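511 is the number of the first residue of the sequence shown in the working numbering; add one for each residue after it.
Ideal Cβ positions, reconstructed from N, Cα and C, are used throughout, including at glycine.
Being a predicted model, the structure only gives us computed values, none of them experimental.
The structure appears right after this line, and notes come after that.
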Amino acid sequence: MASQNWARETRRSRLTTYKAFYGWALKFGRIDADPTVALAKVKPGDPNPRPVPERVYLEALVRADEDERLWIDLAAEHGLRRGEIAVIHSHDIVETLLGYDLVVHGKGDKTRDVPLTGAMARALLGRVEAQGRGYLFRGDEDGHVSARWLGKRINRLLDGDWTIHKLRHRAATRFWVAANGDPYVVADLMGWASLAMVRTYVRLPDDRKRRIVESASRVPSLV
511 MASQNWARET RRSRLTTYKA FYGWALKFGR IDADPTVALA KVKPGDPNPR
561 PVPERVYLEA LVRADEDERL WIDLAAEHGL RRGEIAVIHS HDIVETLLGY
611 DLVVHGKGDK TRDVPLTGAM ARALLGRVEA QGRGYLFRGD EDGHVSARWL
661 GKRINRLLDG DWTIHKLRHR AATRFWVAAN GDPYVVADLM GWASLAMVRT
711 YVRLPDDRKR RIVESASRVP SLV
């Protein structure tokens, strides 16, 4: 662990994994001592949500092909992870009284229902009609595209160091604003068991602070 140049959250996640593994091994007699006991705890980092800016998002859509545009909006407007996008199946699109929902297959075999925008529902249903039932984005990984490959394609379309994961930050932030700050709705849509994740992903609107700074400036704002 000391030799790796990991981000703090990655280091915390790996340490949790190691502790769980060696705790299991000790409990069932596979080892005589837990080597992770002496490892120092890794404190969580301060939340630093970075939603993809609108310009970067829209420019990526212009450069994207048909598949990539769907992937971008499934992440940016529906909050899906790249792995959740890769495994979308035709039977995951469910008609409801108010439109269509997508059954999202998340981490830990957990599922959640995410309402589809009208535009996305039409696009996905059109895809099912054109290619038949089955995985919507087909590839060589058990019949669907690889999540890693999908992520790389989207990352190449985003300017700078922005990634598909930061499109989820965009979705969470916009959900938070549209929900008038209701963290329960945001957590439900994003597939989080803990409300603490809201602080990690949601960039709180700074419009009030911006107005104060602009009002106090000697130079009138041109924006």
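*For VAL628, name the three-state secondary structure that DSSP assigns.*
Translated into positions along the sequence shown, residue 628 becomes position 118. First, the residue type needs correcting, since residue 628 is Gly and not Val in the sequence shown. Three-state DSSP puts GLY628 in a helix.
_LEU590 (DSSP reduced to helix, strand or coil)_ = Your numbering for residue 590 matches position 80 in the sequence shown. Coil, per DSSP.
*LEU699 to ARG728, Cα distance in whole Å?*
The residue given as residue 699 occupies position 189 in the sequence shown. The residue given as residue 728 occupies position 218 in the sequence shown. Between LEU699 and ARG728, the C-alpha separation is close to 43 Å.
*Identify the continuous alpha helix (DSSP H) that holds ASP698 and give its terminal residues.*
Here residue 698 is taken as the residue at index 188 of the sequence shown, counted from 1. Counting along the chain, the alpha helix (DSSP H) containing ASP698 begins and ends at 693-700.
*TRP534 versus ALA640: straight-line alpha-carbon distance, rounded*: For the purposes of this step, residue 534 is taken as the residue at position 24 of the sequence shown. For the purposes of this step, residue 640 is taken as the residue at position 130 of the sequence shown. Whole-angstrom Cα-Cα distance: 49 Å.
*Do the CB positions of HIS588 and VAL624 come within less than 8 Å of each other?*
Residue numbering aside, residue 588 sits at position 78 when the sequence shown is read from its first letter. Residue numbering aside, residue 624 sits at position 114 when the sequence shown is read from its first letter. In contact: HIS588 and VAL624 (Cβ atoms closer than 8 Å).
*asked:* If you follow the beta strand (DSSP E) that HIS679 is in, where does it begin and where does it stop?
replied: On the sequence shown, position 169 is the one that residue 679 refers to. Element bounds for HIS679: not the beta strand (DSSP E) but the alpha helix (DSSP H), 674-688.
*Near THR621, what residues of its chain come up, given a Cβ to Cβ distance below 6 Å and the 5 sequence neighbours on each side ignored?*
Indexing the sequence shown from 1 puts residue 621 at position 111. If we look at THR621 and ignore the five residues flanking it on each side, its Cβ neighbours are VAL613 and HIS615.
*Would you list the residues sitting across from ARG622 in a DSSP beta bridge?*
For this step, residue 622 is matched to residue 112 along the sequence shown. For ARG622, which the question treats as bridged, DSSP gives the partners VAL614.
*asked:* Pairs of beta-carbons, one from the segment 691-698 and one from the segment 593-602, closer than 8 Å: are there three or more?
replied: no
*Residue ranges of each beta strand (DSSP E) within the segment 636-664, 3 or longer*: 648-651
*Would you mind working out which of ILE582, ASP542 and ASN558 sits nearest LYS662, comparing C-alpha positions?*
Residue mapping note: residue 662 aligns to position 152 of the sequence shown, counting from 1. Selected option, being the one with the closest Cα: ILE582.
*Provide the residue span of the alpha helix (DSSP H) that contains ILE603, from first to last.*
Counting from 1 along the sequence shown, the entry for residue 603 is found at position 93. Taken as a continuous stretch (DSSP letters only), ILE603 belongs to no alpha helix (DSSP H), being part of the beta strand (DSSP E) at 603-605.
*For ARG658, which residues from the same chain have a beta carbon less than 8 Å from its beta carbon, with the 5 sequence-adjacent residues on both sides left out?*
In the sequence shown, the residue the question calls residue 658 occupies position 148. Excluding sequence neighbours, ARG658 sits near ARG592.
*Neighbourhood of ILE627 by C-beta, 7 Å cutoff - its chain only, sequence neighbours within 5 removed*: Within the sequence shown, numbered from 1, the residue matching residue 627 stands at position 117. The question names Ile, but residue 627 in the sequence shown is Thr. If we look at THR627 and ignore the five residues flanking it on each side, its Cβ neighbours are GLU587.
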